[in-house]
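Residue 116 in our numbering sits at position 105 of the sequence shown, and the numbers go up by one each step.
C-beta: ideal position from N, C-alpha, C; glycine also.
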Amino acid sequence: MHRCLHSNEFGCAMRCPGGCCLHLYFGNVALALQPHELAPWLDTVHRLYNGHALAAAAEPDLRRISLRSPVDNLTLLFSLNELVWLNDLLTSTKLLLDVEQILEAS
């Protein structure tokens with residue numbers, strides 16, 4: 012059974028039963044990541060937000076912020092509001108995984 016790490020209005024982050032990977036569900040997208048791949052995604056989302064937040068603030072629901080995927084010919088489009096929720100999802104999941112690591116090391 013998958014274990015939910017965090018959820019919000021936009022999606023959720025789940026850990027697979029074996030603990031080997033994370034499943035992120037946001038909008039119409041499902042993404043499987045290794046735990047070490049979460050930080051680069053979070054950094055990318057932070058950069059997108061910092062680069063586009065001011066310009067997109069006038070129309071926060073318009074999907075005009077693009078995120079290139081590692082797969083050729085695929086780009087994900089986000090509104091500012093969706094990007095904020097995605098940032099929350101990734102940040103909270105990373106924090107929870109960091110706390111788990113600290114507790115396991117104790």
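Cα-Cα separation between H17 and T104, rounded to whole angstroms: By one-based count along the sequence shown, residue 17 stands at place 6. By one-based count along the sequence shown, residue 104 stands at place 93. Taking the straight line from one Cα to the other gives about 6 Å.
Presumed contact (8 Å Cβ cut-off) between F89 and R79, rounded CB distance: As a position in the sequence shown, residue 89 is number 78, starting the count at 1. As a position in the sequence shown, residue 79 is number 68, starting the count at 1. Rounded, the Cβ-Cβ distance is 12 Å, inconsistent with contact.
Sufficient close CB pairs (3 or more, under 8 Å) joining the stretch 86-102 to the stretch 49-68: yes
Short Cβ contact (7 Å threshold) for L35 with A24: Working through the sequence shown from its first residue, we reach residue 35 at position 24. Working through the sequence shown from its first residue, we reach residue 24 at position 13. Closer than 7 Å, so yes.
Classification of L100 by the beta-carbon crowding that lies within 10 angstroms, buried from 16 upward: Locating residue 100 in the sequence shown gives position 89, where the first residue counts as 1. Buried: at least 16 other Cβ atoms inside 10 Å.
CB contact check: L108 to chain D, cutoff 7 Å: Although the question refers to chain D, the structure presented lacks it and comprises just one protein chain.
Per-residue DSSP class, three states only, for R58: Residue mapping note: residue 58 aligns to position 47 of the sequence shown, counting from 1. DSSP places R58 in helix when its eight states are reduced to three.
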